[in-house]
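For the record, the sequence lines run as chains H and P. Numbering of the first sequence is given in the working numbering, commencing with residue 364 and proceeding in unit increments. Numbering of the second sequence is given in the working numbering, commencing with residue 2 and proceeding in unit increments. For glycine and all other residues, C-beta sits at the position ideal for the given N, C-alpha and C. First comes the structure, then the notes that go with it.
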Amino acid sequence: DAGVIQSPRHEVTEMGQEVTLRCKPISGHDYLFWYRQTMMRGLELLIYFNNNVPIDDSGMPEDRFSAKMPNASFSTLKIQPSEPRDSAVYFCASSPWTQGPSTDTQYFGPGTRLTVL
Amino acid sequence: AQSVSQHNHHVILSEAASLELGCNYSYGGTVNLFWYVQYPGQHLQLLLKYFSGDPLVKGIKGFEAEFIKSKFSFNLRKPSVQWSDTAEYFCAGGGATNKLIFGTGTLLAVQP
Numbered sequence: 364d365a366g367v368i369q370s371p372r373h374e375v376t377e378m379g380q381e382v383t384l385r386c387k388p389i390s391g392h393d394y395l396f397w398y399r400q401t402m403m404r405g406l407e408l409l410i411y412f413n414n415n416v417p418i419d420d421s422g423m424p425e426d427r428f429s430a431k432m433p434n435a436s437f438s439t440l441k442i443q444p445s446e447p448r449d450s451a452v453y454f455c456a457s458s459p460w461t462q463g464p465s466t467d468t469q470y471f472g473p474g475t476r477l478t479v480l
Numbered sequence: 002a003q004s005v006s007q008h009n010h011h012v013i014l015s016e017a018a019s020l021e022l023g024c025n026y027s028y029g030g031t032v033n034l035f036w037y038v039q040y041p042g043q044h045l046q047l048l049l050k051y052f053s054g055d056p057l058v059k060g061i062k063g064f065e066a067e068f069i070k071s072k073f074s075f076n077l078r079k080p081s082v083q084w085s086d087t088a089e090y091f092c093a094g095g096g097a098t099n100k101l102i103f104g105t106g107t108l109l110a111v112q113p
């Protein structure tokens, strides 16, 4: 398996523009997670899905952020409109279900480095 | 609230030195603890994890961690580091909330 795939790897955009980040989880995994990494706050969970259904979006910072998972092999994280404080590395991770998302190993993608000017 | 703290943000060691990275958690009830590592240019990957049983957990590449319940700690150790251990290390905890909480990470630089 190719592992978790994220695109693009780097994104530079201007304030106010819409940004869409994409993720393809490992085939057969039931959970998908979106994280944001910044120097100040470290690695924060934004939202996670179980079998394509959003389970916990309490980490989504505000209404400008939205995430979807239309099928088991694809998810998007959208920021509209983007702001400079959204600059960060965004990671997608997936895991199989054996005992639950706080127990099972998560497999991370390479991340998307977002810069909002 | 549940939280995970890593107090060492940046650690510099010489090769062959011993390593101990601190991790403290604040959880009530059952807690699952993890160490993840991100080598330069690579994905985050699991180093080791603790659920129950023997509080001394051994992971890949000679790393180990000890769960000390009375101290709410899960420190990562390695007796002799190598230049290839240069990476960022993340402690994480999971419990009743059914999601992982990560610490802010510790950047380890090993000088040859």
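Cβ separation of residue i and residue j, assumed to be a contact under 8 Å, to the nearest whole Å
i, j, result
"L45 (chain P)", "F412 (chain H)", "The Cβ separation is near 19 Å, so there is no contact."
"G405 (chain H)", "G106 (chain P)", "5 Å"
"A110 (chain P)", "I13 (chain P)", "5 Å"
Residue i classed as buried or exposed, judged by whether at least 16 other C-beta atoms fall within 10 angstroms
i, result
"Y40 (chain P)", "exposed"
"L49 (chain P)", "buried"
"G1 (chain P)", "Not covered by the structure: residue 1 (chain P). The range shown for chain P is 2 to 113."
"T461 (chain H)", "exposed"
"E374 (chain H)", "buried"
"A365 (chain H)", "exposed"
"Q112 (chain P)", "exposed"
"A17 (chain P)", "exposed"
"L57 (chain P)", "exposed"
"Q369 (chain H)", "buried"
"D86 (chain P)", "buried"
Cβ pair residue i, residue j closer than 8 Å
i, j, result
"N99 (chain P)", "G422 (chain H)", "no"
"L22 (chain P)", "Y37 (chain P)", "no"
"I418 (chain H)", "W397 (chain H)", "no"
"L440 (chain H)", "A451 (chain H)", "no"
"E381 (chain H)", "Q443 (chain H)", "yes"
"G96 (chain P)", "G54 (chain P)", "no"
"P80 (chain P)", "S15 (chain P)", "no"
"E67 (chain P)", "K59 (chain P)", "no"
"T468 (chain H)", "R372 (chain H)", "no"
"L108 (chain P)", "F75 (chain P)", "no"
"N415 (chain H)", "M432 (chain H)", "yes"
"S457 (chain H)", "L395 (chain H)", "yes"
"D393 (chain H)", "P473 (chain H)", "no"
Per-residue contacts from residue i into chain H (C-beta, under 7 Å)
i, result
"N9 (chain P)", "Chain H residues near N9 (chain P): none, gap ~13 Å exceeds 7 Å."
"K100 (chain P)", "L408, Y411, D419, P464 and S465"
"F75 (chain P)", "Under the 7 Å cutoff, chain H gives no residues; its nearest Cβ is about 14 Å from F75 (chain P)."
Residue i: contacting residues in chain P (beta-carbon distance under 9 Å)
i, result
"L440 (chain H)", "Chain P residues near L440 (chain H): none, gap ~17 Å exceeds 9 Å."
"F471 (chain H)", "Y37, Q39, H44, L45 and Q46"
"F454 (chain H)", "H44 and L45"
When the options are compared against residue i, the one with the closest alpha-carbon
i, options, result
"P388 (chain H)", "H:P433, H:S438 and H:Y453", "H:S438"
"S4 (chain P)", "P:Q112, P:I102, P:L109 and P:L108", "P:I102"
"S6 (chain P)", "P:L77, P:V82 and P:W84", "P:L77"
"N25 (chain P)", "P:I13, P:G104, P:A110 and P:P113", "P:G104"
"L477 (chain H)", "H:E407, H:V416 and H:L384", "H:L384"
"V479 (chain H)", "H:Y453, H:S458, H:C386 and H:L408", "H:Y453"
"T466 (chain H)", "P:Y90, P:F52 and P:T87", "P:F52"
"G379 (chain H)", "H:R448, H:C455 and H:P473", "H:R448"
"F428 (chain H)", "H:S436, H:A435, H:R399 and H:N434", "H:R399"
"K70 (chain P)", "P:N9, P:H8 and P:S27", "P:S27"
"P424 (chain H)", "H:A435, H:D393 and H:L408", "H:L408"
"G63 (chain P)", "P:Q83, P:V32 and P:N9", "P:Q83"
"V117 (chain P)", "P:I61, P:N9 and P:F73", "This structure gives no information on residue 117 (chain P), because the portion of chain P shown stretches from 2 to 113."
Cross-chain neighbours of residue i in chain P, by beta carbon under 7 Å
i, result
"G405 (chain H)", "F103, G104, T105 and G106"
Amino acids of chain H, ordered along the chain, whose beta-carbon sits closer than 8 Å to that of residue i
i, result
"N33 (chain P)", "S465 and T466"
"F91 (chain P)", "G405 and L406"
9 Å Cβ cut-off: residues of chain H touching residue i
i, result
"G54 (chain P)", "Those do not exist, as G54 (chain P) stays about 14 Å from chain H at its closest Cβ, beyond 9 Å."
"F64 (chain P)", "Within 9 Å Cβ-Cβ: nothing; F64 (chain P) doesn't reach chain H, min ~15 Å."
"G96 (chain P)", "S465"
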